[in-house]
Every structure is written in C-alpha cells, then in structure tokens.
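Some notes on the structure that comes next.
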Amino acid sequence: MTHRLSRREPSASVPLLAAEGVHAGYPGGPDVLDCVSVELRRGTRVALLGANGSGKTTLLRCLSGAHRPRTGDVLVDGVALTHRSGPLRAHRQRVQLVLQDPDDQLFSADVRQDVSFGPVNLGLPDDEVRERVASALSALGLAHVADRAVHQLSYGQRKRVAVAGAVAMQPEVLLLDEPTAGLDPRGVAAMLAALERLERSGTTVVMATHDVDLAWSWADEVAVVLDRVVHQDVLVKVLTDEALLEAAGLAVPWPVALLRRLGREVDVAFPPRTATDVAALLG
Ligand SMILES: Nc1ncnc2c1ncn2[C@@H]1O[C@H](COP(=O)(O)OP(=O)(O)OP(=O)(O)O)[C@@H](O)[C@H]1O
Ligand SMILES: [Mg+2]
1 MTHRLSRREP SASVPLLAAE GVHAGYPGGP DVLDCVSVEL RRGTRVALLG ANGSGKTTLL
61 RCLSGAHRPR TGDVLVDGVA LTHRSGPLRA HRQRVQLVLQ DPDDQLFSAD VRQDVSFGPV
121 NLGLPDDEVR ERVASALSAL GLAHVADRAV HQLSYGQRKR VAVAGAVAMQ PEVLLLDEPT
181 AGLDPRGVAA MLAALERLER SGTTVVMATH DVDLAWSWAD EVAVVLDRVV HQDVLVKVLT
241 DEALLEAAGL AVPWPVALLR RLGREVDVAF PPRTATDVAA LLG
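The numbering of the sequence shown is UniProt numbering, which starts it at 1 and goes up by one.
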C-alpha cells in the first residue's frame, strides 16, 4: 500500500469521489438519474438505499466509470473523469465496483485465478500478486476454497470471491452493490469485518443495500435514490425521515421504530446503533 503514501493528499474539503449534476439512462430510455450529485469523502461510509429499479446500480456504475453519464461529471479529487481508455483504466485502479450478481463478475476457472486477475493485469510482480491474493482470500474467509472451481461454489461463496477480487486490487474506493444480499449471518459478519480491515488500510467503502438495519448500524451517511434524484445526508437525518423512507419503499431502522413507539426521539449526536446501545438507553 506504500504507493498511496506518495500520492498528493488533496484538500479535505474536496471529496475523494463525487457525481455532479449527473443525468444517466440507457439507450432509447428516459433518464434514470436526473441531475444527481453525491459526495463520497475519504473514510466516510456511505450506504446507498432505494427501491428496486430506483437507480442504485446505475449510480454506482457511473461512479466506477463503467457507465457514462449523458451529462454531468464524475469527479475524483475534484478532477472530472474523461471517458477515454487511459483515464478510465487509471480510474478503475482507484475505484473498484463489485457487481450485484457475482456471476456477472467472475469468469475464471478457479477462485485463486479469478482473484489474481486484477493484480496480474496491473503488472505486479508474482510475489506481490501471491501476497495480495492470499490476503484477500483470507480476509473473505475463502482460503479453504482457493483451488476450487468457481462454478462449484455456493452463491454466498461466489459473492465473497467477487469482493475478494476487488479487495486484491487495494482500491482507494470500493463500491459494493448489495454485498450482503444472499449471505448468511456469519457471512455478513465476516464481510463487514473484512471491509473494516480494508478501511483500516485506507480504503473508503460505499455500499448499496436494501437492508436499512445494516445501513443504520454500519454507515456514517446515507444516500437515498428516489424519483431519479439522490438525497444524501448524515445517517440519523436520513434514516429518521419517515416520509422519505416510505416514499422510497424503505422501512425505518428497528432502533428508530422502537424508540418512537416508546415515545422517544433518537439522539442525533449519539444514535443507538446496536441492540446493546438500545438496551443501555432503555435500561
Ligand atoms: N442495461 C439496461 N438497459 C436498459 N435499462 C436498464 C438497464 N439496466 C437498468 N435499467 C433500468 O434502469 C433503472 C434503474 O435500474 P438499476 O439497476 O440502476 O436499479 P437498482 O436501484 O439498482 O435496482 P435493484 O434494487 O433492483 O438492484 C430501471 O428502471 C431499470 O429497468
Ligand atoms: Mg441494483
């Protein structure tokens, strides 16, 4: 990770990654995103929420450079991305997107080969490739299936292999499209622990999810996609806004719902994020 230390540290007020006035859609169709702006700050966890078909994946694909906005910009350290092969290649080294469906992402015969693909493509020395792959596999609890055929793994295992492939690239930003969907509780905990380790080494993590309780316990900020625009703010502000959540087809996180039933408001400065926090508050 030493390569990052030599990179110019931009001003704290400039987001690491942003969308500014982005209009995006698909050929022959209307805009899915209509003048959308989001800001992803270094080290800030952002959960992206929204109903099916609202545009979460489209926004993540724009941010990753995989989908070109009709108008508007994707900015990295304040500099607009140009959709030419050189800048896009550089962008993808810094910003990795893990797709919602692992089968859209995995294509190699075995797990180790798939996770090695990105680092090998970067032209890294063999030793470093081996080290990165071993560490990514172990972080995602996949060391024991490293030599298995990808198609023989379960869905949850394939999902973790897809994340391991991105982790091995040691990106500055990891965009995860519903990383916990389809995982069992232990798999979710392992995924979150792996992401936390990654954050400690300097990666900023953003995830799209339908799980408001996960967003409540995990995120610093929330961005909700509704009616082609994005509402981004600090966690408590967004996830206590029942009108916004209902319009977006989302539930209120359980600690918020429980406290409201008990006639109590959520403390914005110290929101109870876990069952232990809620118990302490009520005890
Ligand atoms: N390749 C495509 N071609 C045409 N339309 C598309 C394509 N991909 C997505 N769309 C449309 O764009 C809109 C937004 O889709 P998107 O996949 O971004 O939503 P999403 O919020 O990620 O949904 P989900 O929660 O189901 O994953 C939908 O109306 C969808 O039908
Ligand atoms: Mg999606």
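Think of the CB as a built atom: it goes at the ideal place given N, C-alpha and C, for glycine as much as any other residue.
Treat the numbers as computed from the prediction; the structure is a model and nothing was measured.
{"Item": "Range covered by the beta strand (DSSP E) that runs through Asp233", "Value": "Val229 to Val234"}
{"Item": "Candidates Tyr26, Val36 and Gly28, of which the one nearest Ala19 by Cα", "Value": "Val36"}
{"Item": "Neighbourhood of Val76 by C-beta, 6 Å cutoff - its chain only, sequence neighbours within 5 removed", "Value": "Leu17"}
{"Item": "Shell residues, 7 Å Cβ cut-off relative to heavy atoms of ligand 2", "Value": "Lys56, Thr57, Gln100, Asp177, Glu178 and Ala208"}
{"Item": "Supposed close pair Glu172, Arg45 - CB separation, criterion 8 Å", "Value": "That belief does not hold up - the Cβ atoms of Glu172 and Arg45 are roughly 14 Å apart, past 8 Å."}
{"Item": "Heavy atom of ligand 1 within 7 Å of Ser54 beta-carbon", "Value": "yes"}
{"Item": "Near ligand 1: Val225 beta-carbon under 7 Å from a heavy atom", "Value": "yes"}
{"Item": "C-alpha distance - Leu106 paired with Leu282, whole-angstrom precision", "Value": "46 Å"}
{"Item": "His83 (DSSP reduced to helix, strand or coil)", "Value": "coil"}
{"Item": "N- and C-terminal bounds of the beta strand (DSSP E) containing Leu226", "Value": "Glu221 to Leu226"}
{"Item": "Cα-Cα separation between Asp31 and Leu262, rounded to whole angstroms", "Value": "42 Å"}
{"Item": "The segment 77 to 85 touching the segment 259 to 279, judged by at least three CB pairs closer than 8 Å", "Value": "no"}
{"Item": "C-alpha gap between Leu5 and Glu128, whole angstroms", "Value": "Because Leu5 carries a pLDDT of 36, less than 50, the predicted location of this residue cannot be relied on, and no value is offered for it."}
{"Item": "Cβ-heavy atom distance, Tyr155 to ligand 4, below 7 Å", "Value": "No copy of ligand 4 occurs in the structure displayed; its ligands are ligand 1 and ligand 2 alone."}
{"Item": "Proximal residues to Ala166 (C-beta, below 7 Å), its chain only, five neighbours per side dropped", "Value": "Gln96, Val98 and Leu174"}
{"Item": "Cβ pair Ser217, Arg273 closer than 8 Å", "Value": "yes"}
{"Item": "Same chain, Cβ closer than 7 Å to Leu183, neighbours up to 5 away in sequence not counted", "Value": "Gly156, Lys159 and Met191"}
{"Item": "Residue environment, Leu144, which counts as buried when at least 16 other CB atoms sit within 10 Å", "Value": "Per the sequence shown, the amino acid found at residue 144 is His instead of Leu. When all chains shown are included, His144 counts as exposed."}
{"Item": "Three-state secondary structure (DSSP) of Thr57", "Value": "helix"}
{"Item": "Rounded separation between Thr71 and Leu258 - CA only", "Value": "43 Å"}
{"Item": "Gly249 CB to nearest heavy atom of ligand 1 below 7 Å", "Value": "no"}
{"Item": "Thr276, DSSP secondary structure in three states", "Value": "helix"}
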